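The listed protein sequences correspond, in order, to chains A and B. Note that the numbering used here numbers the first sequence so that position 72 is 72, with each residue one more than the last. Note that the numbering used here numbers the second sequence so that position 34 is 200, with each residue one more than the last. Take a look at the structure set out below.
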Amino acid sequence: MSTQKMHIDRYERNWMIVSAVLLVLFASAVSVAAFGMGIQVPAPEQRVNPNTVATDPNSPWSNPGLREVAPGKYDAYILAHAIPNWEYLPKEISVPVGSTVSFYVTSPDVQHGFKVQNTNANFMVIPGQVSKLTVTFDEPGTYNYICTEYCGSGHGVMYGAITVTP
Amino acid sequence: MSKTSFNIIYVIAGIFVLSATAFKVFQPIQVLPRMRLAPAYQFINQDGQALTSETLRGHFALYSFTYTHCPEPCYNSSDTIQEIQSRLGEVNLGSIPVSFVSISVDPDRDTPEVLKEYGEAQNADFTQWYFATTSNKSLLKTIVGAGFETYYEDKGNGEFALDPGFVLVDGWGIIRSEYRYTTEVSDADRILRHLGVLAEEVQNSTGSAKLAYEAAHLFLCYAP
């Protein structure tokens, strides 16, 4: 093995250093976010039976909608379905400003997406699984939730709205 | 620094990263997440005696929410608890007691006498299965809604809108699992498995094994 040092151009060396520093920065940012601040990706929560989830009277999605569990604290059970017409149930939700809403979303048919505009809520809706994410609405206004995964010919009209009242 | 010592540092770092990855992938230890603190409360049980959150310190407590006038077809959490109560021997719990608390959301009609009658109809073992409520309705809503994060609402016609569910609390008063809707695995199977996982952690998480259990919490190695 040669002991002669390989020549690396100054600019190339700088470029390599910057790349390495970026990698370390990103890895530490992810670690701090995950372990220090407890931020979690919206992983599927639980498995449910997609054939009965919308009809079983014991399933919250047989009566989807908003439930106030405590003052300013809500659970929103939302059903995203392509059959018969691409839509979310319910289509509209209204909460007062400052509310914390936990979204529980599932699908009885095909894969959908769920993105609440102007928040960082954005996850996949997989039939047979429940996706959960919690959002606090501090600004009044209308936040649309839209389907972000192509789910058929009605994909483009699949949306709903959260009205945050002052 | 010499080249050899550099190599040693690389090898040690490599082993560390590999073993951390293997721990996460193979999950030799699984735990239940420490979700949040359970609410403190003071209820009146089926014997007219006080039941507080402190009474159940050191117990694994499984909370459920119901009311005795629930019209048929009514989701009956008592069936699940009966099944767990009778199959509790399948789980190695060490010496940790398990308690079941059925909280009534209808304190007007569910007096201690009514709850006792209801419990007897469910074949409840009153030494470990409590039926409780409080007549302070706003407090009850705060405990169940804000504390256990379970929704219920008085519809005004004698019926309640109620999302059936269970909440599992450990001996320190920390919520470790929630069962909000019927999943592919029966609730009784999941709850029994989770009781076993919890008991294992409580019994084994001492000394250096505690570090491994804390690592399982850190790497989110949660029992399904």
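The beta carbon of each residue, even a glycine, is placed where N, CA and C say it ideally should be. If you're wondering where the values come from, they're calculated on a predicted model, not measured in any experiment.
C-beta neighbour in chain A for residue i, strict 8 Å
{"i": "GLU238 (chain B)", "result": "no"}
{"i": "TYR241 (chain B)", "result": "yes"}
{"i": "LEU198 (chain B)", "result": "no"}
{"i": "GLY311 (chain B)", "result": "yes"}
{"i": "TYR317 (chain B)", "result": "yes"}
{"i": "LEU384 (chain B)", "result": "yes"}
{"i": "THR187 (chain B)", "result": "no"}
{"i": "THR170 (chain B)", "result": "no"}
{"i": "THR308 (chain B)", "result": "yes"}
For residue i, the three-state DSSP class (helix, strand or coil)
{"i": "VAL363 (chain B)", "result": "helix"}
{"i": "TYR11 (chain A)", "result": "helix"}
{"i": "ILE269 (chain B)", "result": "strand"}
{"i": "THR148 (chain A)", "result": "coil"}
{"i": "LYS115 (chain A)", "result": "strand"}
{"i": "GLY174 (chain A)", "result": "Because chain A in this structure spans residues 1 to 166, residue 174 (chain A) falls outside the shown range and cannot be described."}
{"i": "ASN370 (chain B)", "result": "helix"}
{"i": "MET16 (chain A)", "result": "helix"}
{"i": "TRP295 (chain B)", "result": "strand"}
{"i": "THR234 (chain B)", "result": "coil"}
{"i": "GLY154 (chain A)", "result": "coil"}
{"i": "THR170 (chain B)", "result": "helix"}
{"i": "TYR229 (chain B)", "result": "strand"}
{"i": "ARG346 (chain B)", "result": "coil"}
{"i": "ALA208 (chain A)", "result": "No statement about residue 208 (chain A) is possible, as the shown extent of chain A runs from 1 to 166 and does not include it."}
{"i": "SER94 (chain A)", "result": "strand"}
{"i": "ARG253 (chain B)", "result": "helix"}
{"i": "THR100 (chain A)", "result": "strand"}
{"i": "THR55 (chain A)", "result": "coil"}
{"i": "PHE26 (chain A)", "result": "helix"}
{"i": "PHE314 (chain B)", "result": "coil"}
{"i": "ALA204 (chain B)", "result": "coil"}
{"i": "GLU380 (chain B)", "result": "helix"}
Rounded separation between residue i and residue j - CA only
{"i": "VAL97 (chain A)", "j": "ALA34 (chain A)", "result": "28 Å"}
{"i": "VAL135 (chain A)", "j": "GLY260 (chain B)", "result": "40 Å"}
{"i": "ASN122 (chain A)", "j": "THR293 (chain B)", "result": "47 Å"}
{"i": "GLY324 (chain B)", "j": "ASP272 (chain B)", "result": "9 Å"}
{"i": "SER62 (chain A)", "j": "GLY152 (chain A)", "result": "23 Å"}
{"i": "ALA382 (chain B)", "j": "PRO205 (chain B)", "result": "26 Å"}
{"i": "PHE26 (chain A)", "j": "SER243 (chain B)", "result": "47 Å"}
{"i": "CYS71 (chain A)", "j": "GLU286 (chain B)", "result": "Note on identity: in this sequence residue 71 (chain A) is Pro, with Cys being the wrong assignment. So the two alpha carbons sit approximately 35 Å from each other."}
{"i": "VAL264 (chain B)", "j": "ALA290 (chain B)", "result": "14 Å"}
{"i": "PRO199 (chain B)", "j": "VAL95 (chain A)", "result": "30 Å"}
{"i": "THR170 (chain B)", "j": "VAL116 (chain A)", "result": "54 Å"}
{"i": "ASP329 (chain B)", "j": "PRO194 (chain B)", "result": "35 Å"}
{"i": "ARG67 (chain A)", "j": "VAL24 (chain A)", "result": "43 Å"}
{"i": "ARG202 (chain B)", "j": "PHE332 (chain B)", "result": "15 Å"}
{"i": "TYR229 (chain B)", "j": "ALA76 (chain A)", "result": "22 Å"}
{"i": "TYR241 (chain B)", "j": "PHE326 (chain B)", "result": "12 Å"}
{"i": "ALA227 (chain B)", "j": "LEU334 (chain B)", "result": "6 Å"}
{"i": "ILE250 (chain B)", "j": "SER270 (chain B)", "result": "20 Å"}
{"i": "ILE174 (chain B)", "j": "SER168 (chain B)", "result": "10 Å"}
Interface flag, residue i vs chain B, CB-CB below 8 Å
{"i": "ARG169 (chain A)", "result": "A query on residue 169 (chain A) cannot be resolved here, the shown segment of chain A reaching from 1 to 166 and no further."}
{"i": "PHE26 (chain A)", "result": "no"}
{"i": "ASP75 (chain A)", "result": "yes"}
{"i": "PHE35 (chain A)", "result": "yes"}
{"i": "ASP56 (chain A)", "result": "yes"}
Any non-hydrogen atom of the ligand PLP closer than 7 Å to residue i Cβ
{"i": "TYR11 (chain A)", "result": "This structure does not include the ligand PLP; it has no bound ligands of any sort."}
Contact residues within the stretch 59-70 of chain A, judged by C-beta distance below 9 Å to chain B: SER59, PRO60, TRP61, ASN63, ARG67, GLU68, VAL69 and ALA70
Validate contact between the stretch 119-138 of chain A and the stretch 46-54 of chain A using beta carbons, cut 8 Å, 3 pairs: yes
Contact list for the stretch 325-343 of chain B against chain A, Cβ threshold 7 Å: ASP329 and PRO330
Contact residues within the stretch 345-362 of chain B, judged by C-beta distance below 7 Å to chain A: TYR347, THR348, THR349 and GLU350
Interface positions of the stretch 85-116 of chain A facing chain B (Cβ-Cβ less than 7 Å), listed along the chain: none
Stretch-stretch touch, CB-based, cutoff 8 Å, three pairs: the stretch 358-376 of chain B with the stretch 242-261 of chain B: yes
Cβ-based contacts, 9 Å cut-off: residues of the stretch 132-147 of chain A near chain B: Going along the stretch 132-147 of chain A in chain order, one finds no residue with a Cβ nearer than 9 Å to chain B.
Sufficient close CB pairs (3 or more, under 8 Å) joining the stretch 374-382 of chain B to the stretch 270-281 of chain B: No: fewer than three Cβ pairs fall under 8 Å.
Segment contact flag, the stretch 173-182 of chain B with the stretch 350-368 of chain B, C-beta cutoff 8 Å, min 3 pairs: no
Touching by the beta-carbon criterion (3+ pairs, under 8 Å), the stretch 337-356 of chain B and the stretch 218-229 of chain B: yes
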